[in-house]
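Student: Residue numbers (full-length UniProt numbering): 1 to 521. Take a look at this one; I'll ask things after.
In structure tokens form, the structure reads like this:
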């Protein structure tokens with residue numbers, strides 16, 4: 001359907017758009033009732049009818065390339081670049097892959113088409129994309145495959161073959177034994193035969209064997225380790241096939257980017273699967289979990305660890321609607337929330353010098369209805385004291401809140417004290433000379449006051465917002481704007497890829513009781 005998109009108050013048609021911005025869509029011809037119904041069915045999330053052939057469009061939090069009525073558009077964000085978005089998604093994926101896990105019994109995963117498996121499919125595909133195209137244990141899985149292909153694991157297979165005497169070059173005890181047991185192989189030499197006058201022929205009464213049995217060694221690639229790798233490759237390719245089916249049956253905002261990436265992944269996997277030496281490798285019969293090749297040899301070790309952590313042991317931590325929102329809708333606000341959560345986890349790990357020992361999904365309810373699950377990552381600080389970091393923990397009445405239910409994006413519990421962080425992908429800005437200064441909105445600061453007052457045991461509440469500043473503002477409970485060693489109050493921190501100084505400074509003060517002397521500045 002021929003159309004043009006305009007910014008409100010402008011007559012210049014656009015191809016490059018921005019997130020969370022209203023646009024007018026004008027179709028070249030009058031829209032019939034049936035066409036209007038189809039438009040709202042396919043694009044109802046971004047379109048609102050005005051009158052006749054005029055519609056209001058707003059892509060909300062989506063950022064990326066998309067197709068609208070046959071035309072390709074690019075939706076960008078002024079708050080963050082495409083490269084920074086990609087960095088955020090890569091960071092989330094790598095942190096999810098490193099969560100503590102417990103492996104389940106090894107069963108061959110076949111992704112189902114029902115809604116319950118959709119989230120698993122997107123988790124698997126996103127993890128595979130990260131490992132295959134970006135990084136897995138220091139290099140991409142494609143680069144680790146090159147290590148495998150340069151020197152595939154093999155064994156030497158011994159097989160018995162029969163050769164004519166004139167082609168035989170060696171004899172051993174087995175050869176002599178077979179000759180003694182097979183008199184039919186002995187044939188008399190003709191009188192004028194070249195060998196008839198030799199001492200050997202004379203000692204053997206003028207006879208020599210026509211054939212000899214020999215042991216031949218050949219390189220054999222059909223090993224349990226190679227069968228394991230071949231199976232992992234087929235499982236990885238199956239994931240891309242399932243995504244391909246989903247792309248054929250349904251279109252969504254980020255359809256083009258997912259499709260291109262999936263094609264690239266399939267191309268890389270097919271190239272690996274077509275290796276000539278892999279053709280003789282059979283089907284997997286058992287998992288050689290005790291193999292030192294899978295545990296130690298470069299290439300094999302990384303592919304096997306991908307199988308263990310992703311295909312076998314992954315927790316699929318994100319709820320279905322969230323992973324779908326990140327992959328299909330490329331929701332920048334949701335992406336920012338999860339990125340901030342894992343940055344807090346990363347900073348806690350770095351500052352306390354402790355690794356997460358437990359990960360769990362947290363059931364949530366507000367006292368009336370069941371809510372979307374939250375996440376919980378636990379640390380043991382100095383080996384004894386527990387520190388928990390939550391994503392979307394619900395504090396309902398009589399369960400942490402003494403009034404209404406509240407659900408901060410991120411909550412940190414340390415020594416029975418709560419510190420809350422809300423990731424807000426929005427801000428106000430003001431132009432001062434040649435610089436634009438960003439600051440949080442009043443309603444977001446008000447929300448932090450609500451957390452501080454309503455959630456029992458809360459010491460601090462922070463707004464995290466997309467700003468490249470290297471400091472944080474903190475309002476002490478007594479009314480002074482400062483950042484002392486004992487924080488009780490409300491804070492605002494600018495957090496962006498590459499700009500984490502403010503967040504770490506705030507957490508350093510919050511966690512001052514568990515830092516070593518060298519860490520306290």
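Backbone N, C-alpha and C fix where the C-beta goes; we use that ideal spot for every residue, glycine too.
(1) Does the Cβ of residue 374 have 16 or more other Cβ atoms within 10 Å, making it buried, or fewer, making it exposed?
(2) May I have a chain-ordered list of the beta strand (DSSP E) segments no shorter than 3 residues that lie completely inside the segment 193-247?
(3) My guess is that residue 463 and residue 422 are in contact by the Cβ rule of under 8 angstroms, so how many angstroms apart are they, rounded?
(4) Quick check: the Cα distance between residue 444 and residue 296, rounded to an integer number of angstroms?
(5) With burial defined as no fewer than 16 other Cβ atoms inside 10 Å of the residue's Cβ, what is the status of residue 310: buried or exposed?
(6) By DSSP, does residue 411 sit in helix, in strand, or in coil?
(7) Which term fits residue 263, buried or exposed, when burial requires 16 or more other beta carbons within 10 angstroms of its beta carbon?
(8) Just tell me which of 383, 21, 86, 120 has its CA closest to the CA of residue 58.
(9) Which stretch, first to last residue, makes up the alpha helix (DSSP H) that contains residue 271?
(10) Does the beta-carbon distance from residue 85 to residue 63 come in below 8 angstroms?
(11) Near residue 269, what residues of its chain come up, given a Cβ to Cβ distance below 8 angstroms and the 5 sequence neighbours on each side ignored?
(12) Counting only the same chain and skipping the five closest in sequence on each side, list residues whose C-beta sits under 6 angstroms from that of residue 504.
(13) Evaluate contact between the segment 204-212 and the segment 150-167, counting only Cβ atoms and requiring at least three cross-stretch pairs below 8 angstroms.
(14) Once DSSP output is grouped into helix, strand and coil, what is the label at residue 522?
(15) With DSSP as the reference, label residue 419 as helix, strand or coil.
(16) Would you kindly report the start and end of the unbroken alpha helix (DSSP H) that includes residue 341?
(17) Residues in its own chain within less than 7 angstroms of residue 129 by CB, not counting five upstream and five downstream?
(18) On a Cα-Cα basis, can you pick out the residue from 28, 257, 146 that is closest to residue 4?
(19) Please report the straight-line C-alpha distance between residue 207 and residue 218, rounded to a whole angstrom.
(20) Rounded to whole angstroms, how far is the Cβ of residue 280 from the Cβ of residue 221, which I believe are closer than 8 angstroms?
(21) With DSSP collapsed to three states, give me the class of residue 155.
(22) Would you call the CB atoms of residue 467 and residue 406 closer than 8 angstroms?
(23) Given this structure, state the Cα-to-Cα distance separating residue 381 from residue 511, to the nearest angstrom.
(24) Have a look at residue 378 and residue 253 and give me their C-alpha separation to the nearest angstrom.
(25) With DSSP collapsed to three states, give me the class of residue 445.
(26) Using three-state DSSP, classify residue 52 as helix, strand or coil.
Tutor: Looking at the atomic coordinates:
(1) Counting the other CB atoms within 10 Å of its CB gives residue 374 a total of 16 or more, which places it among the buried residues.
(2) 207-209, 211-220
(3) 6 angstroms
(4) Going by the C-alpha atoms only, they are around 51 angstroms apart.
(5) By the 10 Å Cβ count, residue 310 comes out buried.
(6) strand
(7) exposed
(8) 21
(9) Residue range 255-273 is occupied by the alpha helix (DSSP H) that includes residue 271.
(10) yes
(11) Closer than 8 angstroms at the Cβ level, and outside the excluded window around residue 269, lie 132, 233, 236, 237, 240.
(12) 347
(13) yes
(14) Only positions 1 to 521 of the chain appear in this structure, which leaves residue 522 out of reach.
(15) Looking at residue 419 - three-state DSSP - the assignment turns out to be strand.
(16) 332-352
(17) 261, 265
(18) 28
(19) 32 angstroms
(20) Indeed they touch by this definition, with Cβ atoms about 6 angstroms apart.
(21) strand
(22) no
(23) Approximately 10 angstroms, taken between the alpha carbons.
(24) 36 angstroms
(25) helix
(26) coil
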